[in-house]
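Taking it in order: structure first as structure tokens, then the write-up.
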Amino acid sequence: MFWLDAILFASVCALQTLHFTGLILHEWLGLAIVPLILLHLLLAWSWIAAETRRFFTSQSVRARINYLLNLGLFAAVTAPTYSGILISQKAIPAIMHSTPAPYMDWTWDRIHTWVADIVVILVGLHLAVNWDWALAAAQRIFRRFLGRWQ
Amino acid sequence: MKPNPPNVLRILSRLALLSLAAAAFTVLTALYARSVRTPTPTPHWRLHRALAPKITGLPEFFGEGILIAVCTLAGRLVFRLRLSPAPPREKLLSLFDSTD
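This is the structure in structure tokens:
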């Protein structure tokens, strides 16, 4: 789970830097991140199911905010994914064996960019919520690595 | 090793649920996109997007990491985001209490 999250973190950073990855890698990485996100959600399913059930009943404000934050992140991730598919110039035409559209939908491009910026903020807040877990997992891996080294 | 059929079914049903939720958010995004009008840029705007990766963009990659870290820090310190309430000691620290 830790490595999956680390890969997701690095992928989000890479997807935000089109200048660094270039358009081709950006599009393929954008598609590759989808199954990783699904896997991340499947691994956290017990939390999702429990918190969804509890959302309308006995939950603290903190738990509700956490839940809405995660839901918001999921919603925000779907927008750049969908818009990315719509404006794809390389990956989707390659998969579909079609030629890319002669013009790119500027509205979708704008939505793609600004929702991706929101995703970055929400990823930061998502990490803040799960910081204790992430830190503990990182320490555990670091100790295991040191143990092997010594 | 043979996969356990009920588990596969469970995973598939969860994936279907996630897909359904994603589809709902996609519809909302599409509705929003239809409602906004964006002026079309010049035909040359696409030329600014390089196809191949450029190593000169590496600092931007780390910059994004730092930006996420800043958001995380803000979430921890300003919004006090965490899975469970902070222990009393951490609360004191976050309030910059000098008695510690």
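So the protein lines, in turn, are chains A and Y. The first sequence begins at 285 in this note's numbering and counts up by one. The second sequence begins at 2 in this note's numbering and counts up by one. Backbone N, C-alpha and C fix where the C-beta goes; we use that ideal spot for every residue, glycine too. No experiment lies behind these values; they were computed from the predicted model shown.
(1) Leu52 of chain Y touches chain A at which residues, Cβ-Cβ below 8 Å?
(2) Measure the alpha-carbon distance for Leu326 of chain A versus Trp287 of chain A and round it to whole angstroms.
(3) Tell me whether the stretch 402 to 411 of chain A and the stretch 62 to 69 of chain Y touch, counting them as touching only if at least three CB pairs, one residue from each stretch, are closer than 8 Å.
(4) May I ask which residues mark the beginning and end of the alpha helix (DSSP H) holding Gln300 of chain A?
(5) What's the call for Thr391 of chain A, buried or exposed, on a 16-neighbour Cβ count within 10 Å?
(6) His381 of chain A by DSSP, collapsed to three states: which one?
(7) Would you identify the three-state DSSP class for Pro364 of chain A, choosing helix, strand or coil?
(8) Have a look at Thr39 of chain Y and Thr362 of chain A and give me their C-alpha separation to the nearest angstrom.
(9) Using a Cβ-Cβ cut-off of less than 7 Å, give me the residues of the stretch 28 to 40 of chain Y that come near chain A, in sequence order.
(10) Is Arg428 of chain A buried or exposed, if buried means 16 or more other CB atoms sit within 10 Å of its CB?
(11) In chain order, what residues of the stretch 383 to 403 of chain A put their CB closer than 7 Å to some CB of chain Y?
(12) Using a C-beta cutoff of 8 Å, does Pro17 of chain Y count as contacting chain A?
(13) Any C-beta of chain A sitting closer than 8 Å to the C-beta of Val9 of chain Y?
(14) Can you tell me the Cα-Cα spacing of Gly431 of chain A and Ile425 of chain A, whole angstroms?
(15) Sort A:Phe304, A:Leu355, A:Ala412 and A:Asp416 by Cα distance to Val79 of chain Y and report the nearest one.
On the basis of the supplied data:
(1) Result: Gly306, Leu307, Ile308 and Lys374.
(2) 15 Å
(3) yes
(4) Phe286 to Gln300
(5) Under this definition Thr391 of chain A is a buried residue.
(6) coil
(7) helix
(8) Straight-line Cα distance between these residues: approximately 21 Å.
(9) Thr30, Ala34, Val37 and Thr39
(10) exposed
(11) Met388, Trp390, Thr391, Trp392, Arg394 and Ile395
(12) Going by the sequence as given, residue 17 of chain Y is Ala instead of Pro. Ala17 of chain Y does not count as touching chain A.
(13) By this cut-off, Val9 of chain Y is not an interface position.
(14) In a straight line, the C-alpha of Gly431 of chain A is about 10 Å away from that of Ile425 of chain A.
(15) A:Ala412
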